[in-house]
Amino acid sequence: VNVSLPLQDKWERLADQDSSIEIFQHISLMTLDTVMKCAFSHKGSVQVDGNYKTYLQAIGDLNNLFHSRVRNIFHQNDTIYKLSSNGRLSKQACQLAHDHTDGVIKLRKDELQDEGELEKIKKKRRLDFLDILLFARMENGDSMSDKDLRAEVDTFMFEGHDTTASGVSWIFYALATHPEHQQRCREEVQSLLGDGSSITWDHLDQIPYTTMCIKEALRLYPPVPGIVRELSTSVTFPDGRSLPKELLGIFNLSIWMSVKERMKEFPHSLMTDFFVSSI
């Protein structure tokens, strides 16, 4: 199913209004639609059903509240944070997200009670993510608790759509600010789909320039710009300072080189030839 079609229809209507469009929520609905269909056997359209906007708003609120908490030393204490206004908002947003996940799981469980549906799923060449979890639970005698099941689905659903939506939005931004590259990508895709058909897996290795632009945009604007590592052993530096074992460190990947080196080797502009050797 081409989940981009509802998005295209929506943008065509909005484009007639001759005003700017905030695309992130629209992209988030599309990526959530994708992960719901691919991983959770969802049969409807997230982009058409307005109920899913509540879930996306809850995820957005949790993101903002997390970053706000990180910057507030007093909110590192769980008790203080729970008593704060942000802590209460975070609890409400978490409950909304959990309610959405519980609804997805319950719907699929109910469908699996139908023997015909169960046999149909067993004959599928590949099970989706939720079916794998539910079948494993059925075969192992409910060894996975409801809480564990929800945690797995929560993680996959959130990471599966939010990070992707961020990456896609930044790719659009990069192309919008570099119209010459945008035009080359458009011409490449149009030459491939001259009959107006939709793009398929078989087309992906036939759009090298578009692929390079996507990779270059992800280099400039990585949706996951930092990583967290835990020290497996204590570290002592030459000047005598040390870091204790089990310390958590957050590393920003883009600052591992000096600014001068980074600007020389990895300039802040679309440099598509950077990825020529990778295609």
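Okay, so the sequence shown: first residue is 7 according to my numbering, each after it adds one.
C-beta atoms are modelled at their ideal positions from N, C-alpha and C, and glycine is treated no differently.
Mapping the DSSP letters down to three states, classify Asn-83 as helix, strand or coil.
coil
For Gln-188, which residues in the same chain have their Cβ closer than 6 Å to its Cβ, ignoring the five residues on either side in sequence?
Leu-181
Mind pulling the alpha helix (DSSP H) runs of 4 or more residues that sit fully within the segment 7 to 72?
10 to 21, 30 to 46
Expected contact under 8 Å - CB spacing of Arg-156 and Asp-201 to nearest Å:
No, Arg-156 and Asp-201 are not in contact; Cβ-Cβ is about 45 Å, not under 8 Å.
Pairwise C-alpha distance: Leu-89 and Lys-43:
38 Å
Using the three-state DSSP reduction, which class does Thr-242 fall into: helix, strand or coil?
strand
Nearest by alpha-carbon distance to His-73: which of Gly-93, Asn-57, Thr-85 is it?
Gly-93
Please report the distance separating the alpha-carbon of Tyr-215 from that of Asn-57.
38 Å
Expressed to the nearest angstrom, what Euclidean distance is found between the alpha-carbon atoms of Ser-203 and Gln-119?
38 Å
Euclidean distance between Cα positions of Glu-194 and Gly-50
32 Å
Determine the burial state of Gln-14: buried for a count of at least 16 other Cβ atoms within 10 Å of its Cβ, exposed for fewer.
exposed
Is it the case that the segment 157 to 169 contacts the segment 14 to 31, given that we only count it when at least three CB pairs across the two stretches are under 8 Å?
no
According to DSSP, residues forming a beta bridge with Ser-248:
Thr-242
In the structure shown, what three-state DSSP assignment does Val-234 receive?
strand
Is it true that the CB of Lys-251 sits closer than 8 Å to the CB of Thr-3?
Outside the displayed span of the chain (7 to 285) sits residue 3, for which this structure offers no information.
Assuming contact is defined by CB atoms lying nearer than 8 Å, are Leu-226 and Gln-212 in contact in what I supplied?
no
Short of 8 Å in beta carbon distance, which residues of its chain neighbour Arg-114, apart from the five on each side in sequence? Order them along the chain.
Phe-46, Ser-47, Leu-136, Asp-137, Leu-140
Cutting at 7 Å between CB atoms, please list the residues of its own chain near His-106, excluding the five before and the five after it.
Tyr-61
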